[in-house]
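In short: position in the sequence shown from 1, add 458, done, that's our numbering. What follows is one structure encoded as structure tokens, with my remarks underneath.
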Amino acid sequence: MSKRNYYDIDDILASQERVPCFLRTDLDGLGSAGGGGSSKVHRNSRWSLPFWMADRLNDEDYLDMQVSPVFSKQANRMCAASPESVDLRNLCENYYQFGLQLSEVAPEIPHVLHNMYMTRIQKIARVAQQGNNVETLEFVQSLDKMEEDILRVCQHAQGAITAWHQNKAYALQKAPVIHN
Numbered sequence: 459m460s461k462r463n464y465y466d467i468d469d470i471l472a473s474q475e476r477v478p479c480f481l482r483t484d485l486d487g488l489g490s491a492g493g494g495g496s497s498k499v500h501r502n503s504r505w506s507l508p509f510w511m512a513d514r515l516n517d518e519d520y521l522d523m524q525v526s527p528v529f530s531k532q533a534n535r536m537c538a539a540s541p542e543s544v545d546l547r548n549l550c551e552n553y554y555q556f557g558l559q560l561s562e563v564a565p566e567i568p569h570v571l572h573n574m575y576m577t578r579i580q581k582i583a584r585v586a587q588q589g590n591n592v593e594t595l596e597f598v599q600s601l602d603k604m605e606e607d608i609l610r611v612c613q614h615a616q617g618a619i620t621a622w623h624q625n626k627a628y629a630l631q632k633a634p635v636i637h638n
């Protein structure tokens, strides 16, 4: 079972992503979770379950969890070919969080995440320095939640640097103990 941060809302939202599963045994009461109408699910059937549920059932050997289409071989090739052009928000809003959770199922995922992150973080830093314009708008709209947070931090830091260069960051004031 993957380790999750109980208090992190992004981690909780990432664990809601659905993953394809192949059931090894009959299960009662799972029918509504996979989108089916009956409450009994028969063995050898395929289901798409939220990751948090599939992970637990996989640990108990009730099913075989498969890699999410978000991290399929085709998606990984697309990400490797042009990481900056991938619309992560459309693909999975919590792409990095979900990838870390899913890394136990597919050991190649951390490598994909690392390559994607290292390429995209450079463009995020450039966007923060240059400001939002028409050319960068499409990229900014493709950021996942974590990248959005990083962009906000970079933009704040860029504003602080600009203020410092313009001598607006800090003003020297005399100490209150000096009366004259």
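Glycine included, every Cβ here is placed at the ideal spot set by N, Cα and C.
- In the structure shown, PRO541 adopts helical secondary structure according to DSSP, grouped into three states.
- Looking at the DSSP output, ASP513 sits in no beta bridge, so it has no partner there.
- According to the DSSP secondary-structure assignment, CYS479 is paired through a beta bridge with TRP505, MET523.
- Per DSSP, reduced to three states, the secondary structure at VAL611 is helical.
- Under the three-state reduction of DSSP, LYS632 is assigned to coil, being neither helix nor strand.
- Residue pairing by DSSP puts LYS498 in a beta bridge opposite ASP486.
- Straight across, the Cα-Cα distance linking LYS531 with ALA512 is about 21 Å.
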